[in-house]
Amino acid sequence: MKRTKAVETRVFAFSIAGAFVLLTGCQVQTPERLTAVPFTAVTVTDEFWTPRMRTNREVTIPYDFKKCEETGRIDNFAKAGRLMEGKFQGIRFDDSDVFKVIEGAAYSLHLHPDPELEQYLDDLIAKIAAAQEEDGYLYTCRTIDPDNMPRDTGETRWSFLQSSHELYNVGHMYEAAVAHYQATGKRTFLDVAIKNADLIDRVFGRDKKRDVPGHEEIEIGLVKLYGVTGDEKYLTLAKFFLDERGRANGRKIYGEYCQDHKPVIKQRAAVGHAVRAGYLYSGMADIAALVPDAGYVEALDPIWQDVVSKKLYITGGIGARGGGESFGDGYELPNETAYCETCAAIANAMWNHRMSLLHADAQYIDVLERVIYNGFLSGISLGGNKFFYPNPLASEGTYQRSPWFGCACCPTNIVRFMPSLPGYAYAYQRDCLYVNLFVSGSATVTMGADAVRVTQQTRYPWDGSVKILVEPESRPAGQEFTMCVRIPGWAQESPVPSDLYLYSDLGPEDWTQRRVTVTVNGRPVALDVVKGYARIRRTWEAGDVVELNLPMPIRRVRSHRKVRANTGRIALQRGPVVYCFEGVDNPQGVANLVLPPEATLQAEYRSDLLGGVVRITGQGKIRQSQDGGKTVLKDIEVTAIPYYAWAHRGKNEMAVWVPESGSGDL
Ligand SMILES: [Zn+2]
C-alpha cells in the first residue's frame, strides 16, 4: 500500500479512531486533556472482539456495499455524474450510507491491506467525484433532476436545511474522505471533500447565509477535515454551525427535535432526536478540546448528567421514544417500546469517549463500555448481515433483526464503528498512560520522545483477570511514568455513574470475592484510585507485569424508584455484560418469570452457545393462574444469556427486567 511520509505523520498526529481527536495544530488545550491512542497503533488479538472485527471486514462491509448497489444508492452517484441514465432512487439522505461504508472500509484497509477492496473504493470514489457539481456541490438527488426532487429537500440548494440532510450527508463524506486518505495516502476523495467544504464555507457564516442543518454531523466532519488539512476555516465553520443553533438569525428555529431550541451553550438537558443529539454533543466536545473558552463544557457536563441520571438504559442505549426517535422525559425508560436506535448507541459511545478525553475521568468509559458490550452490539447479528434499528429491552416474541432497512443508517454506522473500537482502549497525557478498555492485544503508546509497548492478556468480558505487560521500547532499562488503569464502576458497587441503577444485592458474602486487586510483578499495590483510575507510578522496566483482578460475581441491578417501567424488577449483570431472559431458554415463558432475592444463580462459560458466552442459570419461579383466579408461584429453572446475543434462535419472548416477587399466594 502506498503511503507517503506526510500521511504517516498525519496518521501519527491525528487519531482516526472513534474520537477522531486532533492532536496537532491545536490551540491551547485544557491541562487535563488526554490524547487517544489511535486504533492504528493498537493490535487486537482478543477472543471477544477479534471474531467480530473479522466478521465486520469479511461479511458486513461487502454486504453493505452490495445492498448499496442493489438499492440504487451507488447508481445515484453515477446518474448524477451522467455516467448512466435514470432517476434518483431512494431517500434524500441515502448518499450518507455509501460514505459511511467507505469510512468503515478505509479503517479496515488500514489494518488489513486488500488490493481488491482498494480498487473497489477507487471506482466508487470516481463515481462520487463525477457526481460533484462544478462548484463543489454534492447531493445526488438535486443534481440528477432538480425538478423532480424527493420530499423534504427544498426547492433550491440549502433552502430546507431543517430536513434536507444536505449538510448531514456531506459531513459523513468528510469523515469518509479523511479515513480514505489516511488509509491509502490517495487524495482522490479528500479533494472532493475539500472542494465541497470550501463551497459550504463560501455560502455559510456569520456574514453570509445563517442557517444550521436539522441533523448534526457536518460539525464532526469539518473538525476532522481541519485535523488533516490544518486549515482553520473548517474549524471556524464547524463552530459557526454549533453556535448558530437556537438563534433565529433570519430563519425560524427548528425546536427541540433538532436541539435548535436554544443556543448550545445554554442547553442543559438532552432533548429531541437522540442520534442528532449524540452527534451534536460529540462535535461540541471536539471543539471544546481545541477552543477551551467556547463555553461548551459548561453545557456538556449538565447534559451528560441529565442523560446518565435520567435517560440512560442499562444497556447504554439512549432515546426512549419511537416518536421522533427521541429522548423521553427524565426516568421515562419503557422496555418493550424502548427505541434505543443502534446509531444512538454509537453516538453515545462517541460522545462519552470525547468526554473521557476532556476530563481524564473513567466514568465516561464506564458508559462507553456499557454501550459497546450491550446496546451497540445487539444491533448486529453474530453472522454480520442482520441488524436491529431499535434495540428494545423486552419483546413479546415478534421482533427480529432485519437484513436491511429503507433508512439504512444503522447497518452502515456499525461498519465504521466496529473497526474503530481499538481506538477507545488507550489514552495518554504527558507521562501518564491510561488503560481504558480490557482487550487482549498490544499497543504502542508514544509519550513525548518515548515509546512504550503495552500488551494485555485477558478473557474479558467473561473473566475479570487482566495481565498487562510493559515494555518501554525507547528505554528498556527503565522509564518512569504513571500507568492509570481503569477500575470499572461496575466493580466498585456503582454500575453507572449516577443513582439511576444500583446493585440491589449485597454481592457475595465473602468480601474477598469482591475486592479489586492490582499487583505489580506479583506484589500487591495499594489502590490509589483517582477519577476511576488506579495510578501506579514507578520506573518501568521491560518485562514488568501488572495484574488486575476484577471479581465478576452475578449482580442484581435495580432502577431508581422513578423508573416506573422497572418497579419491583431487577436485571442481571456480570462484569460489563447485561443479561436477558429469552423464551428459547425458558420454555415456560418469560413474561411470568419471577426472580426472588434469594434465588441462587450460577455462571458458566459455554463455548458452544451463541459464539461463546457466559450463561447464567438458577432457581427462579413462574407465576401461574389457577382456577378461581388465584396466582401461584412454582419453582423452575431459569436461564439468562447476554442481552447482545438475543434473537438468534428464532422468534422469542425476551425480558431484561424481571419481577422479584409475584402477586398472590406462594
Ligand atoms: Zn440508525
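Per my numbering, the very first residue in the sequence shown carries number 442; after that it's consecutive. Glycine included, every Cβ here is placed at the ideal spot set by N, Cα and C. Computed from a prediction, not measured in an experiment: that's the story for all the values here.
Rounded to the nearest angstrom, the gap between the Cα atoms of K827 and C784 is 15 Å.
E912 carries a strand assignment under DSSP once its states are collapsed to helix, strand and coil. Annotated three-state conformation of N1007 is helix, per DSSP. Residue environment: H553 is assigned as exposed (fewer than 16 neighbouring CB atoms within 10 Å of its CB, all protein chains considered).
Shown here for Y667: same chain residues with a beta carbon closer than 6 Å to its own, the five before and five after excluded, namely Y675 and L676 in chain order. Comparing alpha-carbon positions, the option among A1088, E673 and L631 lying closest to F829 turns out to be A1088. Cβ contact annotation for Q1065 (same chain, cutoff 8 Å, sequence separation greater than five): N1033, T1072, V1073, L1074 and K1075, in chain order. For E782, the shortest separation between its Cβ and any heavy atom of ligand 1 lies below 8 Å. By the criterion of a C-beta distance shorter than 7 Å, H1001 is surrounded in its chain by Y772, D940 and L941, once the five residues flanking it on both sides are discounted. At a cut-off of 4 residues, the continuous stretches assigned as alpha helix (DSSP H) that sit fully inside the region 828-904 are 850-858. In the structure shown, M1095 falls within a strand segment according to DSSP collapsed to helix, strand and coil. Y698 is bridged by DSSP to nothing; it lacks a bridge partner. Nearest in C-alpha terms to N990, of all of R997, E766, I909 and A918, is I909. Taking A1044 as the centre and dropping the five residues before and after it, the same chain places the C-beta of M993, I995, R1015, V1055, R1056 and I1057 closer than 8 Å to its C-beta, in chain order. Checking the 8 Å criterion, the Cβ of Y830 is within range of a heavy atom belonging to ligand 1. Taking G758 as reference, the option from M725, Y737 and N793 with the minimal CA-CA separation is N793. Judged by DSSP secondary structure, V644 falls within the alpha helix (DSSP H) whose first and last residues are T629 to V644. In the assembly as shown, R498 is a buried residue. Its beta-carbon has 16 or more other beta-carbons within 10 Å. Close CB contacts of C850 within its chain, under the 6 Å cut and outside five residues either way in sequence, are with C784 (chain order).
When DSSP states are grouped into helix, strand and coil, N789 belongs to the helix group. Residue environment: S537 is assigned as buried (16 or more neighbouring CB atoms within 10 Å of its CB, all protein chains considered). Taking a contact as a CB-CB distance under 8 Å, the pair L774 and V1004 counts as one, their CB atoms being some 5 Å apart. Here F817 is near I787, since their CB atoms are less than 9 Å apart. At least one heavy atom of ligand 1 sits closer than 8 Å to the Cβ of N854. With 16 or more neighbouring CB atoms inside 10 Å of its own CB, T481 falls in the buried class. Its Cα nearest to that of V653, the residue H606 stands out among N1093, H606 and K627. Beta-bridge annotation (DSSP): D1076 is paired with K1062.
Taking K703 as the centre and dropping the five residues before and after it, the same chain places the C-beta of G687 closer than 7 Å to its C-beta, in chain order. Looking from the CA of M614, the closest CA among A634, E912 and L640 belongs to A634.
Under the 8 Å Cβ criterion, the region 858-873 counts as touching the region 543-557, having at least three qualifying pairs. Fully contained in the region 471-506 are the following alpha helix (DSSP H) runs of length 4 or more, in chain order: 490-496.
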